[in-house]
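Protein chains: 2
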Amino acid sequence: MNVLRTRMAILVAGTLLSGAAGAQGAVQWQSLPSAAPAPADNPTTQAKVRLGKMLFFDPRFSSTGTVSCFSCHNVMEGGDDHRPVSIGVEAQRGGRNAPTVFNAAFLSVQFWDGRAATLEDQAKGPPVNPIEMGMKGLTEVIYRIQRIPGYRPYFEQAFGSGDVVTMDNAAKAIAAYERTLITPGSAYDRYVEGDHTALTAQQVRGMSTFAAVGCASCHQGPNLSGPALPTSQGFFMKFPVYPQSPYVAKYDLMKDSGRYEATHNPADRNLWRVPGLRNLAYTAPYMHNGSVKSLPEAVRVMASAQLNRTLTAQQVGDITAFLQSLTGPFPKQTMPRLPPTPGNLLAR
Amino acid sequence: MNVLRTRMAILVAGTLLSGAAGAQGAVQWQSLPSAAPAPADNPTTQAKVRLGKMLFFDPRFSSTGTVSCFSCHNVMEGGDDHRPVSIGVEAQRGGRNAPTVFNAAFLSVQFWDGRAATLEDQAKGPPVNPIEMGMKGLTEVIYRIQRIPGYRPYFEQAFGSGDVVTMDNAAKAIAAYERTLITPGSAYDRYVEGDHTALTAQQVRGMSTFAAVGCASCHQGPNLSGPALPTSQGFFMKFPVYPQSPYVAKYDLMKDSGRYEATHNPADRNLWRVPGLRNLAYTAPYMHNGSVKSLPEAVRVMASAQLNRTLTAQQVGDITAFLQSLTGPFPKQTMPRLPPTPGNLLAR
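Structure (structure tokens):
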């Protein structure tokens, strides 16, 4: 327990140091860049994005042929699945609320518990998760893709000739596509970039309150998910910080021990990667367990469980209005065209 | 049984009269029109198509929020779901292979058994089918849509002001969108319209064989689903005509009694709406039960079970090549943008 407490103290101190002195002026508000960074070994190219979009929408490398990345990350909506927890193959329920794929490219680690360092790593998780896409292993996944002959030309265009229909390349293509799923240019971004007409008076007030009460201690940076950190270095926070908050029991917020489930390190118990706040109006319900149904209630819960504060109705309304300024615009997209299916592709 | 036999005789005679004298020349080959007909009470408009596309892709009016029209009619692929039989909510399996939505606008009745007269009627079926989208009734469906406030402006643009967020209007919009899901301009269409370079020599040979052996008795007309008939008047055929074909047992083709399941009229036992043949290369596996995995095998099965013929390998290859000339091009589409979800939308 000493280890845990020490680590928490460092994390909290660290975030306090990084800007949330309590007033809007002390926070470094940052707009979202117009392009997402890509790793040196996977530069974003048009050919990769095209292939990655096809794979993202393709349900054929799930065990039943019914679940794709798109199933739980609906990019026609909020990039999530609007459910408390997701449903994978054979109607199995997952344990956590699907995080939005929009702006995941700006996170330094992936998944609620940060167990994947990169989008490329993340893309290899759900296909082989028994309750998500249910494939027996990555070998079975890429074998499924290899048996759809129409995919080969797209892999060759993206990665050259030879043995290119590989799981690593599939994951690289999906990650490249996901790096296009970003939403700069929201009212908030325009305001931060100098257009003082972009926000309403209530939203500006909410922005000040958001900083003043302490939300921006964690929710800072261009994605409001913490300071920009190198890839694989996560920005984690304990949640709840105040377990005695009545909301903790009401919404069962401590049952899932977060990062501990991935690391089994006692210091990681109830640690979570700080989620971004963009497009929140599209991603209800909220929290890691999808238990909180409305945005105003989510604001009340976070204030209570993280800051030990009870906000006034006006504060809640103002912060909610501010959070709504973080929406879109979403990238316009053409539908991909998937290659035809051999009739014997799906054994189950 | 007399009733059954008489009706069959009329059907077979009717189709024999309508063109399949045995030679290519006797068949009236028809290309697909560049637009689909719309009923007088639901003219196709851009506003309806836009709304209909949103509803088509929206999984939120299924019981779990996970199944949409798109789930089983993947318009990024062949307009079907590449599975033997579909999977609906709670992992329930349907009994029949999902027909493609592409060119359904040219069918005079809908579903394998013709139980819906129009696309508008058809659209109201799957949402309330307990093993498809699983809603308790159409009232629950439209209530779900009404509770997504972002939909109202789209309904108003399509249908005017007032009480327009109705199930009838939702179905009209979906049907209007589906009337854009057509694939004229295939190699076959170009050939029929006079471009004699559009087909390969093998495809031309296959076209002749297709007519000569009798396939075109049923598979005629612009969609190769039978002659153009008024809406609600289906073109049905008994399948199998030759139950002693070894393929009938092998693929269990008589277990489902087809139109009889909808009408309970003994004369309808093992009657099926003649399916179109366009884009077959994209819609494996085949038959009403999705039991036949490859196109050449489907050709062999049909020749045996319907025409009591055993084709040579060359005939099978030639007909298959001809059928492949019926593919696409598919309409290019932009992705719809769905309105955000209230966090309390999904109770289950």
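First to last, the protein sequences are chains R and B. Here the numbering used here is used: the first residue of the first sequence is 109, the next is one more, and so on. Here the numbering used here is used: the first residue of the second sequence is 109, the next is one more, and so on. Ideal Cβ positions, reconstructed from N, Cα and C, are used throughout, including at glycine. Here the structure is a predicted model, which is why all the values come from computation and not from measurement.
Consult DSSP for leucine 379 of chain B and reduce its assignment to one of helix, strand or coil.
The answer is strand: DSSP assigns leucine 379 of chain B an E or B state.
For the alpha helix (DSSP H) containing lysine 232 of chain R, name the first residue and the last one.
Taken as a continuous stretch (DSSP letters only), lysine 232 of chain R belongs to no alpha helix (DSSP H), as it is neither H nor E.
What distance in whole Å lies between the Cβ atoms of threonine 435 of chain R and alanine 256 of chain R, which are believed to be in contact at a cut-off of 8 angstroms?
Per the sequence presented here, residue 256 of chain R reads as isoleucine, with alanine not at that position. In this structure isoleucine 256 of chain R is not in contact with threonine 435 of chain R, their Cβ atoms being roughly 36 angstroms apart against a cut-off of 8 angstroms.
In the DSSP output, which residue or residues are listed as bridge partners for tyrosine 296 of chain R?
According to DSSP, tyrosine 296 of chain R bridges with nothing at all.
Reduced DSSP secondary structure (H/G/I, E/B, other) of asparagine 277 of chain B:
Looking at asparagine 277 of chain B - three-state DSSP - the assignment turns out to be helix.
Measuring only between beta-carbons, confirm whether leucine 453 of chain R sits less than 9 angstroms from chain B.
At least one CB of chain B lies nearer than 9 angstroms to the CB of leucine 453 of chain R.
Does the CB of lysine 440 of chain B have a neighbour CB from chain R at under 9 angstroms?
Residue contact check for lysine 440 of chain B against chain R: a CB pair falls below 9 angstroms.
Please determine, among B:Tyr259, B:Ala429, B:Val382, B:Gln136, the residue with the shortest C-alpha to C-alpha distance to methionine 275 of chain B.
Taking only the C-alpha atoms, the option nearest methionine 275 of chain B is B:Tyr259.
Take leucine 140 of chain B as the anchor and find which of B:Tyr296, B:Arg204, B:Lys156 has the nearest alpha-carbon.
Nearest option by C-alpha distance: B:Tyr296.
Can you list, in chain order, the residues of its chain whose CB lies under 8 angstroms from that of arginine 417 of chain B, leaving out five sequence neighbours each side?
In chain order, Val321, Gly322, Ala411 place their CB closer than 8 angstroms to the CB of arginine 417 of chain B, counting only its own chain and leaving out the 5 sequence neighbours on each side.
Any C-beta of chain D within less than 7 angstroms: which residues of the stretch 219-232 of chain R qualify?
Here chain D cannot be found, since the structure's protein chains are R and B.
Run through the DSSP bridge pairs and tell me what valine 400 of chain B is partnered with.
Listed as beta-bridge partners of valine 400 of chain B by DSSP are B:Tyr394.
Can you grab the Cα-Cα spacing for the pair alanine 231 of chain R / alanine 283 of chain R, in whole Å?
So the two alpha carbons sit approximately 7 angstroms from each other.
Just confirm the distance between the C-beta atoms of serine 176 of chain R and glycine 242 of chain R, as a whole number of angstroms; I'd bet it's less than 8 angstroms.
With a beta-carbon spacing of about 12 angstroms, serine 176 of chain R and glycine 242 of chain R fall beyond the 8 angstroms limit used to define contacts.
With C-beta atoms as the reference, is alanine 298 of chain R less than 9 angstroms away from aspartate 426 of chain R?
For the record, residue 298 of chain R in the displayed sequence is arginine; it is not alanine. Not in contact: arginine 298 of chain R and aspartate 426 of chain R (Cβ atoms no closer than 9 angstroms).
With DSSP as the reference, label lysine 346 of chain B as helix, strand or coil.
Note: lysine 346 of chain B maps to strand in three-state DSSP.
I'd like the list of long-range same chain contacts for glutamate 185 of chain R, defined as Cβ closer than 7 angstroms, with 5 residues on each side in sequence excluded.
Within the same chain, glutamate 185 of chain R has close Cβ partners Tyr390.
Residues in its own chain within less than 6 angstroms of alanine 129 of chain B by CB, not counting five upstream and five downstream?
Confidence is the limiting factor: at alanine 129 of chain B the pLDDT is only 38, short of 50, which leaves the residue's position unreliable and the question unanswerable from this model.
Check the C-beta distance from aspartate 221 of chain B over to arginine 381 of chain B and give it rounded, since I have them as a contact under 8 angstroms.
So it is a contact: roughly 7 angstroms between Cβ atoms.
Leaving out five residues before and five after aspartate 166 of chain R in sequence, what residues of the same chain have Cβ atoms less than 6 angstroms from its Cβ?
The beta carbon of aspartate 166 of chain R is closer than 6 angstroms to those of Ser176, Leu446 in its chain, skipping five residues each way along the sequence.
Minimum Cβ-Cβ distance from serine 402 of chain B to chain R less than 9 angstroms
With a threshold of 9 angstroms between beta carbons, serine 402 of chain B makes contact with chain R.
With a threshold of 9 angstroms between beta-carbons, can isoleucine 282 of chain B be considered close to chain R, or not?
No, isoleucine 282 of chain B does not count as interfacial toward chain R.
Would asparagine 205 of chain R pass as a contact of proline 393 of chain R if the rule is Cβ separation under 9 angstroms?
In terms of Cβ geometry, asparagine 205 of chain R and proline 393 of chain R form a close pair [threshold 9 angstroms].
So is aspartate 98 of chain R in contact with chain B if we call contact Cβ pairs under 9 angstroms?
Within the shown structure, residues of chain R are numbered from 109 to 456, placing residue 98 of chain R beyond reach of any answer.
Report the neighbours of alanine 392 of chain R on chain B: residues whose CB is nearer than 9 angstroms to its CB, in chain order.
Using a Cβ-Cβ cut-off of 9 angstroms, alanine 392 of chain R is close to Pro448, Thr449, Pro450, Gly451, Asn452, Leu453 of chain B, given in chain order.
Roughly how many angstroms separate the alpha carbons of proline 145 of chain B and alanine 225 of chain B, rounded to a whole number?
Using only the alpha carbons, I get a separation of about 14 angstroms.
Taking DSSP as the reference, what is the three-state secondary structure of threonine 428 of chain R?
Note: threonine 428 of chain R maps to helix in three-state DSSP.
Is there at least one Cβ from chain B nearer than 9 angstroms to isoleucine 290 of chain R's Cβ?
Chain B contact via Cβ: absent.
Strictly by DSSP, which residues pair up with glycine 366 of chain R?
Paired residues: R:Leu379.
Chain-ordered neighbours of isoleucine 195 of chain R on chain B, where CB pairs are closer than 8 angstroms
Neighbours of isoleucine 195 of chain R across chain B, judged by C-beta separation under 8 angstroms: Thr172, Thr174.
Looking only at its own chain, which residues have a Cβ that is under 7 angstroms from the Cβ of arginine 223 of chain R, when we skip the five neighbours before and after it?
Correct list, in chain order: Ala370.
What do you reckon, are the CB atoms on arginine 235 of chain B and phenylalanine 164 of chain B nearer than 9 angstroms?
It should be pointed out that residue 235 of chain B corresponds to proline in this sequence rather than to arginine. Between proline 235 of chain B and phenylalanine 164 of chain B, the CB-CB gap reaches or exceeds 9 angstroms.
Where does glutamine 64 of chain R fall in DSSP's three states?
Residue numbering for chain R in the displayed model covers 109 to 456; residue 64 of chain R lies beyond these limits and cannot be assessed.
Once the 5 residues before and after proline 437 of chain R are set aside, which same chain residues still bring their CB inside 6 angstroms of it?
Residues of the same chain with a CB within less than 6 angstroms of the CB of proline 437 of chain R, apart from the 5 flanking positions on each side, are Gly293 in chain order.
How many Å lie between leucine 332 of chain R and phenylalanine 267 of chain B at the Cα?
Each residue's Cα considered, the two are about 40 angstroms apart.
Name the residue from R:Thr291, R:Gly202, R:Gln254 whose alpha carbon lies nearest to the alpha carbon of histidine 396 of chain R.
Ranking R:Thr291, R:Gly202, R:Gln254 by Cα distance to histidine 396 of chain R puts R:Gly202 first.
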